[in-house]
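Take a look at the structure set out below.
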Amino acid sequence: MEKLNFPTYDFKLKKNNNKTYIFDKIRMKWIFLTPEEWVRQNFIMYIKSKGYPLSLMNLEKAFSVNGVKKRYDIVVFNQIGKVNILVECKSFKQKINNNHFDQIMRYNIELKSTYLAVSNGINHYFLKFDIDNKKHEFVEDLPLYLK
1 MEKLNFPTYD FKLKKNNNKT YIFDKIRMKW IFLTPEEWVR QNFIMYIKSK GYPLSLMNLE
61 KAFSVNGVKK RYDIVVFNQI GKVNILVECK SFKQKINNNH FDQIMRYNIE LKSTYLAVSN
121 GINHYFLKFD IDNKKHEFVE DLPLYLK
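Numbering follows UniProt numbering, with no gaps: position 68 of the sequence shown is 68.
This is how it looks when you write it as structure tokens:
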């Protein structure tokens, strides 16, 4: 798989019928390895490297925005169950554009996350969202996990 703009992480991979699978440590099962899944799994490890426990992460869950079904890639909850980080992953073959930022902002109408990230594995964009004032700003990185 493509080398991404992350440190090198150790993943469990297996082949079955000429298809590659990656073991997802959050869902605790083998997942077919697509370019987007490769970015998602690397981003999970990146978040983990910031100190966030895997137990606070959730992947690919359906939810509704204004009655329309959507599915997020990664959320990280805080200790009281509120979404703290919302991540939208794209394939490394796809360039990040304004549609991706619009997408994560629409998701955040419902999820109300403090931090947002959009990544294609090559380029990573981080935003801090002020929910009360409905303003956001680009930031350098996600914060470290504070217990």
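Ideal Cβ placement from N, Cα and C applies to all residues, glycine included.
For residue j and residue i, believed in contact at Cβ under 8 angstroms, the rounded distance
i      : j      : result
Tyr145 : Lys50  : 6 angstroms
Val65  : Arg106 : 5 angstroms
Residues that residue i bridges to, as DSSP identifies them
i      : result
Thr8   : Partner(s): none; Thr8 has no beta bridge.
Ile122 : The partner list for Ile122 (beta bridge, DSSP) is empty, contrary to what the question assumes.
Leu127 : Leu116, Phe138
Phe32  : Tyr21
Identity of the residue in the options nearest residue i by Cα
i      : options                       : result
Asp73  : Phe6, Ile85, Leu4, Thr114     : Ile85
Met1   : Asn17, Lys29, Ala117, Arg40   : Arg40
Lys15  : Tyr9, Phe23, Leu56            : Phe23
Phe11  : Leu4, Asn5, Lys25, Lys19      : Lys25
Ile80  : His136, Ser55, Asn97          : Ser55
Phe138 : Trp30, Tyr115, Asn78          : Tyr115
Gln94  : Ser119, Asn5, Leu142          : Ser119
Glu88  : Asn123, Phe32, Ile104, His136 : Ile104
Residue range of the beta strand (DSSP E) that includes residue i
i     : result
Ile85 : 83 to 89
Met28 : No beta strand (DSSP E) holds Met28; DSSP gives it neither H nor E.
Asn58 : 57 to 59
Phe92 : Where Phe92 is concerned, there is no enclosing beta strand (DSSP E), given that its DSSP letter is neither H nor E.
Asn16 : 13 to 16
Ile74 : 74 to 77
Lys70 : 68 to 71
N- and C-terminal bounds of the alpha helix (DSSP H) containing residue i
i      : result
Ile109 : 98 to 111
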